[in-house]
Amino acid sequence: MKPWDQNDYAEFKDMHTMVTMVKKDAHGQDMKMKEILQGSVSDIFLTKVNGILPARILISAPAGRGKTTAVAKMAYDWVHRERGSALEHLPLLFVVKFRNTGQLTSIGEAIKTQLLSDVDDLTPEGLESFIRKNQDICHIILDGLDEYAGISSSNQSLVSNIVNVIRWEEFPECRVLVTTRPHLESFFNQAELSRVYTKMWIEGFSRESSRDYIDKFFALSLNLNSAHGLKAYLDIQPLINEFVKTPLFCLMVCHLWSNGLLDSGTTTQTELLDSVNVFLMQYTNARSESRVKITPEMLRKIILQLGKVALSGLLDDAKQLVFTAHDFRRVPALLNMACELGIVSKTTVSSTCPPQSNATTSTTIEFYHKIAQEHSAGKFLADQTSHFLLHFKVSKLDRVLRKIKSYIGDYENLIRFAAGTDNNLCIRIMEVLLTNSFLKESERYRILIDCSSETKSTGGNVSSLVQRCVNAESIVLKSPTVYTVVGMHNLPKQLKREVRTVKFEGSTLTADVTSGLWACLGSFSMIRTLTISDSSLSLPLCLPELPSVTKLSAERVTSQSYEGLLSSLPGLKDIDISIDDAATDIPQITAALRRTGGQTKNLQSLGLSGMKCLDEEDLVEIVESSTYLKALGTLHLQ
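Using UniProt numbering, the letters of the sequence shown correspond one by one to residues 1 to 638.
Next comes the structure, spelled out in structure tokens:
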């Protein structure tokens, strides 16, 4: 559990992973509604959709929320035939880690090398043939799709049949579960995949869970004042609060706070991970019997050397996350110190290959978390760019951004950490993002604003420099995050006053993000139009009002969102809603209009389109609900 203590482990019974399932309509489209999966991790393979066990399951969650831990728990339950677990009765389960595969690794090769390397007479082709003939008893888990180079390869002739398995073209009757970070969810919205895959989501620590954990942590030292202070700090630091949704980082934040390494001056995740490294240094020095201690300058050198290898791994076609001593051959001493610190760890495995029975060993090296690898890589990238920008017209940053421009979503943490290390790099990243033709406008602005969330205004005032890169009367955002909330909050006041239209598209917004966005948009005093499409909004009990908004345009939005949405827009004069499912949407919309009649007293025009199957009862309900709108002059049904 603790990276700095190799003997510290957590029991699976102490898991805090909560899994939710995303409901879909008859066409396979997300209804943007979630329900908690009873039995959580143990019952993932037991869950039925419309009475049928789905052939494909997608589990999505941000970094560190417990995807790999959930997979490990499922593998453990299956191996040990845990009583009461749905996995107890599965005949065969193959678990494959993408981080241990290459772009051309076949599904047979992956299973053979990762799980059955000691079976001498078994071939990858033979394995695939067996699975093909016995699909009804075989279950496959593919963990970490975002760590697989083949999924983002521009040359589809250079990908393995693992991609065919994901696409439901290979082993269609075999039940397959895939885990990934959210930025690859769009891959599963293609063609019929949206109907084939049942989508699940891992929530991580809820606010209540993280606060309960903090109370228990400090109760051990009878220091309840520290617990109160940390919780108050997290309430005003959204980026740090986002980190504590990951159990590992919640533990780290508690240790940092108790050791005085976290205070109100730490506001970004880059700074938080810098503090984690300082804590690891202090802890290592305290327990070391050697007179030679690791100094801050030595720590910096270690991070940069690790970052060099980390960046090379991230940019490699194989998206390398597992390393060997050969990768660190030029800095073996620094590697040993990094292992002492706990930033990376070595794992040595002995294997015996019959019939010769010669024992061999192999050693692999991994960062304690992928985020730690991305952070080290970002620090190295910033250092290289700052040192050599004056000597070369094309910097290290420029070369990296050019290399990743067609799949930059895989590298958002990397560029945020680079920007968080050097404010000037943030501006350069923004300039390059604005010229990236591979990104849709909504993705470009969201990544750009997310990136700015890691910067801190100094004498030069980064926020004013941001205005050089963002200058528009409308902001279009796809899948905004907590980073987007902070980035928008930091935008210069002049720019906020120029924005007239805000649009959210293709988004599933949590209550925290929705509340944060609305609170932030309150400072955009000249917003007149709010457009929301293909989105789900989880609304908190009390949503801040946006009195300046006079027009709402909504298309394919969760119908349950309308009441809270209308309540937060008291200045509305014009509503235009595109109906997706009349049976579900109309009752929700009319109920919202009745209940919010007081808030929508200025509404003059109501338009409802997409009313293909409008029956008499629905029509009556719409007309009756419109009588609550005293200023309404136009009711347009299409």
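Where a beta carbon is used, it is the ideal one built from N, C-alpha and C, also for glycine. Source: prediction; values computed, not measured.
For this session: Taking 8 Å as the cut-off, decide whether the C-beta atoms of residue 531 and residue 559 are in contact.
Result: No, the Cβ-Cβ distance between residue 531 and residue 559 is not below 8 Å.
Exercise. Nearest-angstrom Cα distance between residue 86 and residue 203?
Worked result: Between residue 86 and residue 203, the alpha-carbon positions lie close to 21 Å from each other.
Exercise. Counting pairs of Cβ atoms below 8 Å between the region 547-555 and the region 514-529, do you hit three or more?
Worked result: Touching, per the Cβ criterion.
Exercise. Relative to the alpha-carbon of residue 642, which residue among 418, 566 and 364 has its alpha-carbon at the smallest distance?
Worked result: Within the shown structure, residues of the chain are numbered from 1 to 638, placing residue 642 beyond reach of any answer.
Exercise. Mind checking whether residue 413 and residue 453 have CB atoms under 8 Å apart?
Worked result: With contacts defined by Cβ atoms closer than 8 Å, residue 413 and residue 453 do not form a contacting pair.
Exercise. Do you know offhand how far residue 283's Cα is from residue 254's?
Worked result: In this model, residue 283 and residue 254 are separated by some 14 Å (Cα to Cα).
Exercise. CA-CA distance, residue 295 and residue 113?
Worked result: Answer to the nearest angstrom: the Cα atoms are 41 Å apart.
For this session: May I have a chain-ordered list of the beta strand (DSSP E) segments no shorter than 3 residues that lie completely inside the region 423-459?
Result: Here no run is fully enclosed.
Exercise. Residue 586 and residue 610 look like a contact to me (Cβ under 8 Å); what is the Cβ gap, rounded to whole Å?
Worked result: With a Cβ gap of about 11 Å, residue 586 and residue 610 do not count as contacting.
For this session: Quick one: using the 10 Å Cβ neighbour count with 16 as the cut-off for buried, is residue 459 buried or exposed?
Result: Note that residue 459 scores 39 on pLDDT, short of 50, meaning its location in the model is unreliable; the coordinates nonetheless yield the value given after this. Residue 459 comes out exposed.
Problem set entry | Alpha carbon of residue 237 to alpha carbon of residue 446, nearest angstrom | Each residue's Cα considered, the two are about 20 Å apart.
Problem set entry | residue 285 versus residue 109: straight-line alpha-carbon distance, rounded | Distance between the alpha carbons of residue 285 and residue 109 is about 43 Å.
Problem set entry | Start-to-end residues for the alpha helix (DSSP H) that takes in residue 515 | First-last of the alpha helix (DSSP H) with residue 515: 511-521.
Exercise. In chain order, which continuous runs of the beta strand (DSSP E) of length 3 or greater are located wholly inside the region 196-261?
Worked result: The qualifying runs are 197-202.
For this session: Locate the alpha helix (DSSP H) running through residue 270, then write down its first and last residues.
Result: Per DSSP, the unbroken alpha helix (DSSP H) holding residue 270 starts and ends at 269-287.
Exercise. What three-state label does DSSP hand residue 119 in the structure shown?
Worked result: Coil, per DSSP.
Problem set entry | Where the beta strand (DSSP E) through residue 329 begins and ends | Annotation for residue 329: no beta strand (DSSP E) segment contains it, and DSSP assigns it neither H nor E.
Exercise. Out of 338, 274, 344 and 555, which has the shortest C-alpha to C-alpha gap to residue 576?
Worked result: The shortest C-alpha separation from residue 576 is found at 555.
Problem set entry | Residue from 271, 455 and 373 whose Cα sits closest to the Cα of residue 310 | When only C-alpha atoms are compared, the closest one is 373.
For this session: Specify the secondary structure class of residue 25 as computed by DSSP and reduced to three states.
Result: For residue 25, the predicted model reports a pLDDT of 47, less than 50, meaning its position is unreliable; a value from the coordinates is still stated below. If DSSP states are grouped into helix, strand and coil, residue 25 belongs with coil.
Exercise. Is residue 483 closer than 8 Å to residue 512 when the C-beta atoms are compared?
Worked result: The Cβ atoms of residue 512 and residue 483 lie no closer than 8 Å to each other.
For this session: Since I believe residue 91 is in contact with residue 137 (beta carbons under 8 Å), could you give me their beta-carbon distance rounded to a whole number of angstroms?
Result: Contact between residue 137 and residue 91 holds: CB atoms are separated by about 4 Å, below the 8 Å threshold.
For this session: Pick helix, strand or coil for residue 48, following the three-state DSSP scheme.
Result: DSSP places residue 48 in coil when its eight states are reduced to three.
For this session: Going by CA-CA distance only, name the one from 206, 205 and 187 that's closest to residue 197.
Result: Of 206, 205 and 187, the residue nearest in Cα terms is 187.
Exercise. In this structure, does DSSP put residue 106 in helix, strand or coil?
Worked result: In the structure shown, residue 106 sits in coil (DSSP, three-state: anything other than H, G, I, E or B).
Exercise. Would you call the CB atoms of residue 485 and residue 516 closer than 8 Å?
Worked result: The beta carbons of residue 485 and residue 516 sit closer together than 8 Å.
For this session: Give me the Cα-Cα distance between residue 218 and residue 261, rounded to the nearest whole angstrom.
Result: One C-alpha to the other measures close to 16 Å.
For this session: Kindly indicate which residue of 176, 340, 505 and 89 has the alpha-carbon position closest to the one of residue 289.
Result: Measuring from the Cα of residue 289, the nearest candidate turns out to be 340.
Exercise. Buried or exposed: which applies to residue 689, given that a residue is buried once 16 or more other Cβ atoms fall within 10 Å of its Cβ?
Worked result: What is shown of the chain runs 1 to 638, which leaves residue 689 out entirely.
Exercise. Does the region 133-150 come close enough to the region 56-68 that 3 or more CB-CB pairs lie under 8 Å?
Worked result: Yes, since at least three Cβ pairs between the region 56-68 and the region 133-150 fall closer than 8 Å, the two stretches touch.
Problem set entry | Spatial distance of residue 47 from residue 41 (CA atoms) | Roughly 10 Å separates the two Cα atoms.
Exercise. Since residue 151 contacts residue 176 with CB under 8 Å, what's their CB separation in whole angstroms?
Worked result: With a Cβ gap of about 14 Å, residue 151 and residue 176 do not count as contacting.
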